[in-house]
Structure formats: C-alpha cells, structure tokens
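Only one structure is covered here, and it is reproduced in the block below.
Numbering (UniProt numbering), first residue to last: 1 to 330.
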C-alpha cells in the first residue's frame, strides 16, 4: 500500500471526527440534510477545536450566496478587529447517509465493472451526490468560523485493490492541517485496481488516517447513543459502554457484563447501505483502538458528543456519560 506523507509535522493531530451519514442527513428522505443536527455539530466542533477563550462573535467563512438570499454574506470588515484564533488540529470525515448510497446501490458501483454503462453512469452520479453533501458540510462548518477545506478521496489520489486501500496521498492532508486548515473528507466512489471501481467507506478512511496521523483520540458521531448488543430499535437492546480490543484485534464487551458473553453482537445494515453499516464501524474502530487510540461512538448533537469531542473522557469517564468507548487492552 502506497501512503505518501511528509517527513515531519509541526504538531500532533488532536482528533479525527467521523460525522455519520445517518446523523447529518435524513436517512429516509433522499438527499436531504438534517439541518438542525448539522448546525449543532458544527457549533460543538468549533467549541472543541478552540484553544483558550472562545470569541463572543463568530466570523463566518462561507462568503457565497445562500438559497433564498439575493446577497453574499461577508464579514471582511469584522476580521480587522478579530484576534487570531488558534484551532487545535482536527480532521473531519463524513458518511453519505441519504446521499450517494441510492446511486451506488442502484448501479452496483461498489461491486465494480466500469465496462458496464450503468456502473460508469452510477460512478458519476454517486460522486455528484456525495460531493454535493461534502460542500454543504464544509459550508456549515465554515459558517461557524472553522477554516474547512473539502478533500474528496478520489481527487486526492485514493484508490483501492479489492476494496482495500492501495494508495492514498496523505501528504496533501498533512500539509493542509499544518497550514491551519481542517480537512473534510468523505466516503467516495474510487478506482479499484482489480474491480475497476468501488465505494471507499468513510470508516475505512478514518482507520487509515488514524494509522498514519496518530490522533490523540477518535470520535464517531452517530444517530444512536452508541453500540448496542442488537439493533437499538429492538426491545431490551443494551447499550455497550466499553469494548476492549486485544492484541490480535479481537474484541469483547467489558461494560456492562452481558449474560451471554460469547454471543455475537447483532448489527443491522440498511438495504441501500453499500459500506457495511455498524458492523464495518465496529471493525474499523477496533483496528484504531489496537493502535492505542481510544475511540468514542456517541450520539451527535448531544451533551455526550460535546464531552467526547472536547477530550473530557480521556482521563475519567463520568458515570452519566452515554456512549461506547472502544479501547486497547493488553
């Protein structure tokens, strides 16, 4: 696997955040963003990234015309009086939710076969959909004064071999971070050396970024409180508060103690989801934890997600915190 990185970076990455597609879009409505959740998530990310005191006035960076407006909003005059703000180093990766999955599953892009007209058309359609979502997320974060940069994996040279990452130019990501920007990547349709093309999941992207950028911690923001022992919609579903990952990559639930500890945790995958759903999320999170990096899976736009993003859980996890921690256990 080819991963290009600069020889040195000035400061370590504090956190990689995954914005789950189901948390930031309305999963039952095609290509509809969950505006309220996205706005809260953007505000929480800003608070988590700010070092020192948080300025009372937010200077937005989305200087483009918004739907329903006849003018461009621009805060240039306010910037002259603004003290330089220091942001700790974050990377954001988001899923597709109700964007991209329909186009990918309808055309079979995830299975490959670019020689088929429907697959080639689906590849184009999928990328149009996911990059549209990416732009809206970048704009939402920019309106909170976060200096975000869109970085589509396909355009940045990510490719796969039988769906495993084969090549990724992380030097561009690293330079972007060192220049004071926040890269925003996303699940994407990419070229595959064997299959011709496939879908590269945001969860897989995070695992590779974590492996090479070594963040202090990783946060998955989802539409449910965390990982459950069965689909959370089922009666008596139990929230798994801590999962321990062994040296061999295997994992087990340590809190709460389940009656049937050998019972495999059940997961559900939506019919249109081409990236594996929660099962992929747990698997990738376990590989990150094996690197010695704690992973928090928590419901987006809640007080619990704010505490996870702030890094408050690293030394002591409050009893009233709701979410799932996945960590390495020798």
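Every residue gets a Cβ at the ideal spot worked out from N, C-alpha and C, and that includes glycine. Keep in mind that this is a model prediction, so the values were computed, not measured.
Which same chain residues end up closer than 6 Å to residue i when comparing Cβ atoms and leaving out the 5 residues on each side of it in sequence?
i           : result
residue 241 : 255
residue 27  : 97, 98
residue 116 : none
residue 213 : 13
residue 154 : 188, 190
Looking at the C-beta of residue i, does it have a partner C-beta in chain D at a distance below 9 Å?
i          : result
residue 31 : Considering every chain present, this structure includes no chain D. It has just one protein chain.
By the 10 Å Cβ neighbour count, where 16 or more other Cβ atoms means buried, how is residue i classified, buried or exposed?
i           : result
residue 202 : buried
residue 66  : exposed
residue 274 : Confidence at residue 274 is low in this model, with a pLDDT of 42, below 50, so its placement is unreliable and the value that follows should be read with caution. That one is buried.
residue 74  : exposed
residue 263 : Residue confidence for residue 263 is low, a pLDDT of 47 falling below 50, so the modelled location carries little weight; the figure read from the coordinates is stated next. Exposed, because fewer than 16 other Cβ atoms sit within 10 Å of the Cβ of residue 263.
residue 394 : Residue 394 is absent from the model: the chain starts at 1 and stops at 330.
residue 319 : exposed
residue 51  : exposed
residue 325 : buried
Helix or strand or just coil, what does DSSP make of residue i?
i           : result
residue 89  : coil
residue 111 : helix
residue 317 : coil
residue 49  : helix
residue 15  : strand
residue 164 : strand
residue 274 : Summary for residue 274: the model assigns pLDDT 42, below 50, so the residue's position carries little reliability; its value from the coordinates is reported in the next sentence. Note: residue 274 maps to coil in three-state DSSP.
residue 119 : helix
residue 303 : helix
For residue i, which residues of its own chain have a beta-carbon under 7 Å away from its beta-carbon, when the five flanking residues on both sides are left out?
i           : result
residue 321 : 304, 307, 313
residue 131 : 152
residue 41  : 19, 24, 221, 300, 301
residue 329 : 244, 245, 246
residue 72  : 63, 64, 65
For residue i, which residues from the same chain have a beta carbon less than 8 Å from its beta carbon, with the 5 sequence-adjacent residues on both sides left out?
i           : result
residue 147 : 61, 87, 180, 181, 182
Inter-stretch contact (C-beta, 8 Å, three-pair minimum) for the region 187–207 and the region 151–169: The region 187–207 is in contact with the region 151–169.
Ranges of the alpha helix (DSSP H) found wholly within the region 178–226, counting only runs of at least 4: Segments of the alpha helix (DSSP H) lying fully in the region 178–226: 202–213.
Three CB pairs or more closer than 8 Å across the region 291–310 and the region 216–224: Inter-segment contact for the region 291–310 and the region 216–224 is present: three or more beta-carbon pairs are separated by less than 8 Å.
Contained beta strand (DSSP E) runs [length at least 3] in the region 127–151, N- to C-terminal order: Within the region 127–151, the complete beta strand (DSSP E) runs of at least 3 residues are 148–150.
Segment contact, 8 Å Cβ cut-off, at least three pairs: the region 86–95 with the region 201–216: Put simply, the region 86–95 touches the region 201–216. At least three CB pairs are less than 8 Å apart.
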